[in-house]
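Enquirer:
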Amino acid sequence: MRVVVPYARGLLHPRVVPAIVMQGYDPEMYECVNAVGDPRSYPALLREWFYSGTDFCVIEHDNESRAGFLDDLRDCPEPWCFFAYDLYRPFEEVVNQPTDVSAPLGVDFSALGHTRFRAGLGEEIRELLDAPFFSLTWAARDTFISGALHAIGYVAHRHPGKAFHHHPYQAHERLHEPPRVRVTDLAYNT
Ligand SMILES: [Zn+2]
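In our numbering, the protein residues as written are 2 to 191.
1) Let me confirm a value: Asn-35 is counted as buried when at least 16 other C-beta atoms fall within 10 Å, else exposed. Which label applies?
2) Using the Cα positions of Arg-127 and Phe-145, report the straight-line distance between them to the nearest angstrom.
3) Taking Cβ to Cβ, would you say Arg-117 is nearer than 8 Å to Cys-33?
4) Just the Cα atoms here: how many angstroms apart are Ser-66 and Ala-132?
5) Where does Ser-53 land, buried or exposed, given buried means 16+ other C-beta within 10 angstroms?
6) Tell me the rounded alpha-carbon separation between Gly-69 and His-14.
7) Among Glu-49, Tyr-86, Ile-153, which residue has its Cα nearest to the Cα of Pro-161?
8) So, is Glu-61 buried or exposed, given that buried needs 16 or more other C-beta atoms within 10 angstroms?
9) Confirm, please, whether the CB-CB distance from Arg-119 to Asp-63 is below 8 Å.
10) Under 7 Å from any heavy atom of ligand 1, does the C-beta of Glu-128 make it?
11) Could you check where the alpha helix (DSSP H) with Ala-120 kicks off and where it finishes?
12) With 16 as the cutoff for other CB atoms within 10 Å, does Arg-48 come out buried or exposed?
13) Give me the residue from Phe-165, Glu-125, Leu-129 with the minimum Cα distance to Gly-154.
14) Buried or exposed, going by whether 16 or more other CB atoms sit within 10 Å of the CB of Pro-7?
15) Label His-151 either buried or exposed according to how many other C-beta atoms from any shown protein chain fall within 10 Å of its C-beta, with 16 as the threshold for buried.
16) Report all residues for which the CB-ligand distance to some heavy atom of ligand 1 is below 6 Å; order them along the chain.
17) Measuring only the C-alpha atoms, how far is Gln-24 from Ala-9?
18) Can you look up His-160 in the DSSP assignment and give me helix, strand or coil?
19) Looking at the secondary structure, which residues open and close the alpha helix (DSSP H) in which Arg-75 lies?
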C-alpha cells in the first residue's frame, strides 16, 4: 500500500512522517502547489493517485497516524476506509479522548486526512476526476470525492480509533515544547 503525504510548504507537522515510518511504511512526500491546473496541485495529485492502479492511503500534512492504523487500512477488504480525527483540538485533549467509534468528537465522515482508497476506484469516478471543476486548487476536494463515491453506492468504512489532527498554527506554537507523548508510546485503542 502506498502512503502519500501531500503537504503545503512550511505546514508539514513534524510528527506526521515519524508516525508513518514507525509503522513500517515509506511515505511518499508531495509538496503541493496551490495553483489551478498545476500538476503538483492537490487535486491533480489526487487524480494521479486514483489512476495509478494501486491502493493508496492519504495522510495529510497535519494528520498523525497511530500504531497499527496503516496495517488496518492495508488489510481491510473494504474499498474505501478511513480513520476519523478531531478538528482543531489541542493535542493533549485529543490524546485523552476516548477513541471508540461512538465518541461524539471526531470527524465521522471520510475526509482525506487519513483515508485509504483501493485501486480501481478512480476508474469508477472518472467523470469527477476528469471534470473541469476538479482542477480547482484546495476547495472542497474531499467533498467532491466523497460525493462521487456515495453517488455510486460506496460508503466509507470508519475504523475504530482516531488519528491526531494538528492544526498547523497550534502545532507551530508547540514546536518548542517537549512532546508529552511520544509516537512509540501511543496505545492502539479499539
Ligand atoms: Zn476498512
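Just so you know, even glycine gets a beta-carbon here, dropped at the ideal spot from N, CA and C. For clarity, every value in this text was computed on a predicted model and none was experimentally measured.
Expert: Answer, in terms of the structure:
1) For the purposes of this step, residue 35 is taken as the residue at position 34 of the sequence shown. By the neighbour-count rule (16 or more Cβ atoms within 10 Å), Asn-35 is not buried but exposed.
2) Mapped onto the sequence shown, residue 127 falls at position 126. Mapped onto the sequence shown, residue 145 falls at position 144. Each residue's Cα considered, the two are about 12 Å apart.
3) Residue 117 sits at position 116 when you count from the first residue of the sequence shown. Residue 33 sits at position 32 when you count from the first residue of the sequence shown. Going by C-beta atoms, Arg-117 is not nearer than 8 Å to Cys-33.
4) Position 65 of the sequence shown holds residue 66. Position 131 of the sequence shown holds residue 132. Distance between the alpha carbons of Ser-66 and Ala-132 is about 31 Å.
5) On the sequence shown, position 52 is the one that residue 53 refers to. Flag for Ser-53 reads exposed.
6) Locating residue 69 in the sequence shown gives position 68, where the first residue counts as 1. Locating residue 14 in the sequence shown gives position 13, where the first residue counts as 1. Looking at the two C-alpha atoms, the distance is approximately 20 Å.
7) Taking the first residue of the sequence shown as 1, we reach residue 161 at position 160. Considering only alpha carbons, the answer is Tyr-86.
8) On the sequence shown, residue 61 is found 60 positions in, with the first residue counted as 1. Buried is the call here.
9) In the sequence shown, residue 63 corresponds to position 62, counting from 1. In the sequence shown, residue 119 corresponds to position 118, counting from 1. No, Cβ-Cβ distance for Asp-63 and Arg-119 is not below 8 Å.
10) The sequence position of residue 128 within the sequence shown is 127, counting from 1. No; taking the cut-off as 7 Å, the Cβ of Glu-128 has no heavy atom of ligand 1 nearer than that.
11) As a working note, residue 120 is residue 119 in the sequence shown. Counting along the chain, Ala-120 falls outside any alpha helix (DSSP H), and DSSP gives it neither H nor E.
12) By 1-based counting over the sequence shown, the position of residue 48 is 47. With 16 or more other Cβ atoms within 10 Å, it is buried.
13) As a working mapping, residue 154 is identified with position 153 in the sequence shown. Checked all of Phe-165, Glu-125, Leu-129; the closest Cα to Gly-154 is Glu-125.
14) For the purposes of this step, residue 7 is taken as the residue at position 6 of the sequence shown. So Pro-7 counts as buried.
15) As a first step, residue 151 is located in the sequence shown; it is residue number 150 there, counting from the start. Its Cβ having fewer than 16 others within 10 Å, His-151 is exposed.
16) Cys-77, Glu-79, Cys-82, His-158, His-160
17) Residue numbering aside, residue 24 sits at position 23 when the sequence shown is read from its first letter. Residue numbering aside, residue 9 sits at position 8 when the sequence shown is read from its first letter. Between Gln-24 and Ala-9, the C-alpha separation is close to 23 Å.
18) Locating residue 160 in the sequence shown gives position 159, where the first residue counts as 1. Strand, per DSSP.
19) Reading the sequence shown from its first residue, position 74 is the one you call residue 75. That run of the alpha helix (DSSP H) goes 70-76.
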